[in-house]
Structure formats: C-alpha cells, structure tokens
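Accompanying notes for the structure given below.
Protein chains: 2
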Amino acid sequence: MADGRSTDGRVADVEPVRRAATLKDVARLAGVDASTVSRVLRADPSQGVRDATRERILDAARVLNYRANAVAQSLRTRRTDTFAVIVPTLDNPGFVEVIRGIQAEAAAAGKLVLLVEADVIASGDLSLARREELFARLVLDGRADALIAAFATLEDRLVARLSDRGVPLVLVNRRQPGIPGSVAVDDAHAAQLAVRHLLDLGHTRIGFVGFGDRTDTARRREQGYRDAMASAQLAVDARWTVSRDPSRQGGLEATAEILSAAPPDAVPTAIFCVSLLSAIGALAALREHGVAVPRQMSVVAFNDHEIANDTAPPLTTVRLPNLEMGREAMRMAMRAADGLSVAQTIVEGPIELVPRASTAAPASG
Amino acid sequence: MADGRSTDGRVADVEPVRRAATLKDVARLAGVDASTVSRVLRADPSQGVRDATRERILDAARVLNYRANAVAQSLRTRRTDTFAVIVPTLDNPGFVEVIRGIQAEAAAAGKLVLLVEADVIASGDLSLARREELFARLVLDGRADALIAAFATLEDRLVARLSDRGVPLVLVNRRQPGIPGSVAVDDAHAAQLAVRHLLDLGHTRIGFVGFGDRTDTARRREQGYRDAMASAQLAVDARWTVSRDPSRQGGLEATAEILSAAPPDAVPTAIFCVSLLSAIGALAALREHGVAVPRQMSVVAFNDHEIANDTAPPLTTVRLPNLEMGREAMRMAMRAADGLSVAQTIVEGPIELVPRASTAAPASG
DNA sequence: ACGTTGAGTACGACGGCGGTT
DNA sequence: GAACCGCCGTCGTACTCAACG
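Here the protein sequences line up with chains C and F, keeping their order.
-19 is the number of the first residue of the first sequence in the numbering used here; add one for each residue after it.
-19 is the number of the first residue of the second sequence in the numbering used here; add one for each residue after it.
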C-alpha cells in the first residue's frame, strides 16, 4: 500500500493515480494565465512574451512534466497529425516498401500512421457497408487527417463514396476517375521492360500471370505485356494468359493451368508474372511439374525484393521505386489534409530490370 | 481562383465546405436536447427514452448523416480506442504475423492500430531521448490507450522509463523485470526442438547463429541451444557461435565467419539460425562458399514462413504461434488500458518442427 | 499607444443532477 | 413516483478580444 508516489499525507490517498498536468496546472504554478502558457509552449511568434515570464512558464512545465494533451489539441485545431493507411496485406514485400516510405516521410514531418491491413479485416463476411463503416471511422470520425489507400484492394465504389463524403484521399498505384490524388509508377513501361528482356533472349511464346482486370494497375501491366508482344509482332495465346490472386498460391495455380492447358508444342517458353509472390508460386509449380528453370522455362517477376536472390533459381525481376512511391503518397496526403489540390502523379525514380538466374535463352529446338 | 475555400471576401461563400453535423445539429432537428441525442445514439441502457423520441432522433441523425466526432469523445471519455504498436521492422515475416494477430483482435474489438516501424524512425541519428520522445507521443499525449512493444528493439531503459511514466505497456516475446505485461512463447523449448532435430539426425558439431544477448528472447534461444547440446553431452565450440543482426545480411556474415574461423576438421556439420532471415543468409553464404546443403551442412531456421518452401533448398524450420502471440498481446493491452492487472504470459499453441530439405544426416567420414 | 497578459469562449461529446409529467 | 428528458459543467487546448501596465 504506502507504495509510492502518494503526495504525502497521512493516509488519505487522494489522487491514487496522479493525473497528468494540464495547461492550467502549469499556469497556476507559474502564476500566469493558461492562455499565456499556451502561447509560450507553442512558441507562437505572433505574440510577444516577456523573457522572465517565459522562463517561469518553461520551468513550471518542466517541473510538472507537462505534456500537451494531443486529443484536446486535435479537438481545438481539427488536425490529428495522424494519417490512415490501408494496405491489402503485409505479406507482399512491395507493400512493405511502400509503407516504409510512408513512415519515413511521416516521421520526418512528425506525423503518425494508423495502419489497416484489409485482408485481416475482411476475413469474416463483412459486407461492403460494414467495411466502408470501418474505413470511414478512420477519417470521417476525425481520427486521421487523410487516407492513403495503397493499391487495389478497395472497390471503386467504396473509394468513390469515401471521396464523395469529403475524405482527403490518396490512391497508391491505382487511379480512378473522379479521384484526384494518386501516386503511381509507369506500370506499362515496367511490364514492357520485363517482356522485352524475354524477347531479347529470343523468346516468342511468352505467358502472362496477372491478377485480373478489376484494377487499373493490373490492366496497365497487362497492357504493357500486350504492347511489348505486339510491337514484336508476336501473337498472344489466350491459353497463356491467366489471372489469379497476386499470391504464391495464385501464381502456382496459374502456372499449373498454363502448363496443362496448352498442347505441349504450344506451351510458352517464358512466363511473366505480375507480382513477386506469384512468380515464386510459378517457380514452385514448375518444380512440381519437373520443368527446369531457366533451361525449359524462363520466369520474370514484377517487383523486386531481396528474397529474389534466394529462390531456386534466383528470380529475374523488375525493380520499382516503391519506397519513393510511399514517400510521395505521404507528402501528397499531407497536402490533401491541408485542403490543397493534389494531382495524379507518376513517381520518378528508376524502373529497372534486375537480371538473375531465372531467365535465359529458350532451349533450341 | 473562385475555387473554394478562400476565406475572403466579396463572394461571401458562407460554408464553403459543409461542416459535419454535431450532436447539437441532430438535437435541433429532432427538437430535443443534445444530451438526449447522446443517450440514444450510445444506446445507454441506464436511461430510458421514449420510443417516439428515439425514432425522431434516429431519423434526424440519419438525415444529417451524423457521425460522432471521435476526438471529442476521446477527450471526454479519456479513451481513444487506439493502440500503438512498435515493431523493429516489417521485413521480418515473424513480426508481420504478430501484427496480423494484433490487427485481427483489434478489429474484432473495434480498436485501431497505430503502427511504428522502429528501424525507419531510427534511421537518422536519433538520440535515446529523441526516440523516447517519439514513443512517448504515442501514449503519453493521449493518442493511444496502451503500447504494444513487439520484440526486442527498445532498450531496457527506454521501456522502463515509459512504464514508470505510467504507460500501459505490453511486451511481446520479451520480458523485463519490473514490467508486468508480456506475451512470449517458450523460446528455449523451441530452440531445443530445432537442435534436437539435428542431434537426432546424428550431428554432433552444431553451430549457432544468434543475435546477441541484449534481449532475453535472444538469451532464451541461445540457452535452449546450449541446454540441448549439454543434455546430449556435446561441447559447444566458441568458434561456432556467432551473433549478428537477425537479417539476411547478418546470417550471411555470421555463417561466413563460422566457416572461416574453425579449422576444416572442426567446422560444424549443421547450423541453427535463430531467425528465418539469418537462415536465408546462411544458405546464401554456404552457396558462395560452395558448401552443399544439406549434404555438407544442415541448416535449421527459427520461425517458419511460406517462403521457406522456396529457398534453395527449402528450409527446415521451427514454427511458432506468432499469430496467437499477437492476439494475446492485443487482448492484454486492452486489459492494461482498462487498468486491469496483466501478467507475464506464455502463449499456448503449438511449437513444431517443420522438416524440409535443408537438414539431413551428416556426411559420413 | 505599445507590448504583455488575462478573461472568455469554442471545439463536440458525455454525464450528473434535478425538474416535468 | 417512476419514466423521461433538459440544463449545465467538464474534458484540455487554442485563440480572439480587451484591459492592463
């Protein structure tokens, strides 16, 4: 019992848990008004305060270990200095890099990040309305100053509704008509880079493992693939192009489908996978089917990561400026929160092929 | 120009952006007092409200699209329903699983998660004081109800100071004297499982790639290794035990050191790596040095992940209940936020060896 | 009339208390 | 005399305005 910090007194343990000091407490101790304390502590430049007064206040604040209550500040200023970020999953290394860029920029600006991993939330049978409700809580209820929606998880309708309700919103690697703020890379160009690498090696039958056409990211990547094929005057066999989740499992299934669907002489000699994880799944499928990589089949992945060095064989990839995309998204979100206008942006920063051991010239014959 | 929210003048754009409706607005529309609205909207059971009144209020709220302002609520109730989570890095798949568990539990309870990735913050030369300041902002300023510190990033001193300042705190996979709340797994047992697998295969010279002794997690894992060796009456050569960052790079360096430090006849025939990433680095080092896995060297990793199927060769691992650890951490954090007592907990849930291709009997001779 | 400072109120919701029916 | 419901103070800070010297 008489454990500790009870401010004395015989017993009468008034104040069991010492309340944090407030502006008023500091004011009382310094012998000034709370508003003066506020001015000093915020270093409000528009207001002069006598040095002696300032000193007294600073001392008092130090003595009381004063910390401004962020919630009260937010209520008053209508800013939380917090930004909500929605990603589909943290399993995908690409998202992790984006988040890292977001956090770096946030930390530099003294902002905090509220993270929501959509696939965790979505497990369970949440209806659209219910999910919208969840996301709405983030910004509409005043918990965050803006929302960064990374990638393609959210339905267009949901995004549009949030935007309509006045939520400052930045889309990452995704665009949508009517939504002004977005940060993306040149997906089509990146995809072309990958496919051209295969073309340069001499491949003519190149398969495609995508993730559908519901998002413009996916569409742009597929378009890049098709354009590269077209400009090499090569046909695209529908049996070579399959869409699945951008996960290991998805890539595995898609690749198995490609292998089984086409007659042996029409099987592609290379596959372009539109996500790193699906490429890893493709390698697994090829292994299961006894197809040697790269001798019998080359594989290129979209999105680089350290782990690409450690797969069997190491994966040739296209590296994207994910970190920079995250940084730019955060900067844009801060502007959006300030009511400034935002635009659809393509991130500069290098997009480059990282050649490793999963690609080679096709077996002759 | 006449674009929007210019505060100015002539045009007299009263209410350029429509303000969100407040309790008072709803009250006015429904013809009741704000407090009654509050009661109805919170479905306060201790207070009766006539059905007709309730209906009117509900209608009014619907019409105005009313949403309670979370900041104002927090100020009044002193709860933010937000929990801060600190992880060292999202690169480590183990942390990701923990976070997923945290988020799942949080979502189920209607809580939000503020995520801080410490290595992002720490880049740059932040002093201890400055980092503490950053973490303090999370809870001390009232932005979060409790803090979940996942794993071993934070210095003991920092943790102790936060705890002393009254921050409800839960440590994940880490304990510290004086800090009541923690969630961990039986690391020593898990490590023994790994080492015993190697012993069972016939290995007697087993190396250890750890990550130092600054955290009790690391110490417990090393202890498990040493205990397993001791109970098999095997010696541990100091040249076989190396500590580095639990990253790919760290594992790579540590393994290279083990390979070069010992005379050829004293090199271990197996290595136990205390993190998944360092095991992946170990594989890379062994590849560089031309050591065949598992023929010449077996490797076991601590912490399982899907990617262990895709390394060359696939990694034998010990799977831990990371998800459950995250869930329990979140539940404990909620209790801590309520001022309830918390304890040092060992998570139930299976710890099991996942045998893959990176382990085999040592080469005879 | 100038630099300093205090008083007062708004931010939006909660909740105790007391007054009506 | 319960059942309903309104009044008002409170949470902690920011900021306008006026008053002080």
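Cβ atoms here follow ideal geometry from the backbone N, Cα and C, with glycine treated the same way.
Neighbour flag for residue i against chain C, beta carbons, 8 Å
| i | result |
| --- | --- |
| F/GLU97 | yes |
| F/ASP(-7) | Interpretation of F/ASP(-7) is limited by its pLDDT of 38, a score under 50 that renders its predicted location unreliable; the figure taken from the coordinates is listed afterwards. So, not an interface residue. |
| F/GLN83 | yes |
| F/ARG(-10) | Bear in mind that the predicted position of F/ARG(-10) carries a pLDDT of just 31, short of 50, making it too unreliable to give a figure here. |
| F/VAL93 | yes |
| F/GLU304 | no |
| F/GLU308 | no |
| F/VAL279 | no |
| F/ALA1 | no |
Cutoff 8 Å: residue i Cβ touching any chain F Cβ
| i | result |
| --- | --- |
| C/SER54 | yes |
| C/LEU266 | no |
| C/VAL51 | yes |
| C/ASN283 | no |
| C/ASN289 | yes |
| C/ALA48 | yes |
| C/GLU233 | no |
| C/LEU239 | no |
| C/ALA341 | no |
| C/ASP167 | no |
| C/GLY(-16) | The predicted model places C/GLY(-16) with a pLDDT of 35, which falls under 50 and marks its position as unreliable, so this point remains unresolved. |
| C/MET(-19) | With a pLDDT of 34 at C/MET(-19), under the threshold of 50, the modelled position of this residue cannot be trusted; read the value that follows with caution. So, not an interface residue. |
| C/ILE79 | yes |
| C/LEU300 | no |
| C/VAL76 | yes |
| C/ARG228 | yes |
| C/ALA130 | no |
| C/VAL12 | no |
| C/VAL100 | yes |
| C/GLU35 | no |
Expected contact under 8 Å - CB spacing of residue i and residue j to nearest Å
| i | j | result |
| --- | --- | --- |
| C/ILE186 | C/LEU173 | Contact doesn't hold; Cβ gap of about 13 Å is too wide. |
| C/VAL349 | F/GLN83 | For chain C, the structure presents residues -19 to 345; residue 349 of chain C sits outside this window and is missing. |
| C/GLY161 | C/ALA140 | 13 Å between Cβ atoms; not a contact. |
| C/LEU92 | F/ARG123 | 7 Å |
| C/ILE66 | C/ALA129 | 5 Å |
| F/ALA242 | F/TRP220 | 7 Å |
| F/THR296 | F/PRO335 | 5 Å |
| C/LEU127 | C/LEU138 | The pair is not a contact, with the Cβ atoms about 11 Å apart (cut-off 8 Å). |
Span of the beta strand (DSSP E) around residue i
| i | result |
| --- | --- |
| C/SER162 | 162 to 164 |
| F/SER278 | 278 to 282 |
| F/ILE128 | 126 to 130 |
| C/GLN324 | 324 to 326 |
| C/GLY190 | 186 to 190 |
| C/ARG275 | Run containing C/ARG275: none; DSSP gives neither H nor E here. |
| F/VAL334 | 332 to 334 |
| C/SER223 | 221 to 223 |
| F/LEU120 | Counting along the chain, F/LEU120 falls outside any beta strand (DSSP E), and DSSP gives it neither H nor E. |
For residue i, the first and last residue of its enclosing alpha helix (DSSP H)
| i | result |
| --- | --- |
| C/THR69 | Careful: C/THR69 lies outside any alpha helix (DSSP H) and carries neither H nor E. |
| F/ILE260 | 256 to 268 |
| F/LEU142 | 136 to 144 |
| F/LEU303 | 302 to 317 |
| F/ILE238 | 228 to 241 |
| C/ALA174 | 167 to 181 |
| F/ARG8 | 3 to 10 |
| C/THR197 | 196 to 211 |
Residue i Cβ short of 7 Å to the ligand MN heavy atom set
| i | result |
| --- | --- |
| C/SER162 | Absent from the structure shown: the ligand MN. Ligands present: none. |
Where the segment 109 to 128 of chain F meets chain C: residues whose CB sits under 8 Å from a CB there: LEU114, ALA116, ARG117, LEU118, LEU120, ASP121, GLY122, ARG123
The segment 280 to 293 of chain F touching the segment 280 to 294 of chain C, judged by at least three CB pairs closer than 8 Å: yes
I want to know whether the segment 162 to 169 of chain F touches the segment 110 to 117 of chain F - three or more CB-CB distances under 8 Å. no
For the structure I just gave you, are there three or more beta carbon pairs, one from the segment 338 to 345 of chain F and one from the segment 85 to 95 of chain F, closer than 8 Å? Contact between the segment 338 to 345 of chain F and the segment 85 to 95 of chain F is absent, because fewer than three Cβ pairs lie under 8 Å.
Check whether the segment 240 to 256 of chain C touches the segment 186 to 199 of chain C, counting contact only when three or more Cβ pairs, one atom from each stretch, lie closer than 8 Å. yes
Any chance the segment 55 to 69 of chain C sits against the segment 28 to 44 of chain C, with 3 or more Cβ pairs inside 8 Å? no
Residues of the segment 139 to 162 of chain F with Cβ closer than 9 Å to any Cβ of chain C, in chain order: Of all residues in the segment 139 to 162 of chain F, ARG145, GLY146 have a Cβ within less than 9 Å of some Cβ in chain C.
Chain F contacts made by the segment 58 to 71 of chain C, where a contact means CB separation under 8 Å: THR60, THR62, LEU70, ASP71
Chain-ordered residues of the segment 244 to 269 of chain C with a beta carbon less than 8 Å from chain F: ILE260, LEU263, ALA264
The segment 327 to 334 of chain F contacting the segment 299 to 314 of chain F, beta-carbon criterion three pairs below 8 Å: yes
Does the pairing of the segment 141 to 150 of chain C with the segment 310 to 323 of chain C give three or more beta-carbon distances under 8 Å? yes
Check whether the segment 211 to 231 of chain F and the segment 267 to 278 of chain F are in contact - that is, three or more C-beta pairs closer than 8 Å. Counting C-beta pairs with one atom in each stretch, the segment 211 to 231 of chain F and the segment 267 to 278 of chain F have fewer than three that are closer than 8 Å, which means they do not touch.
Mind listing which residues of the segment 311 to 335 of chain C have their C-beta closer than 9 Å to chain F's C-betas, in chain order? GLY319, SER321
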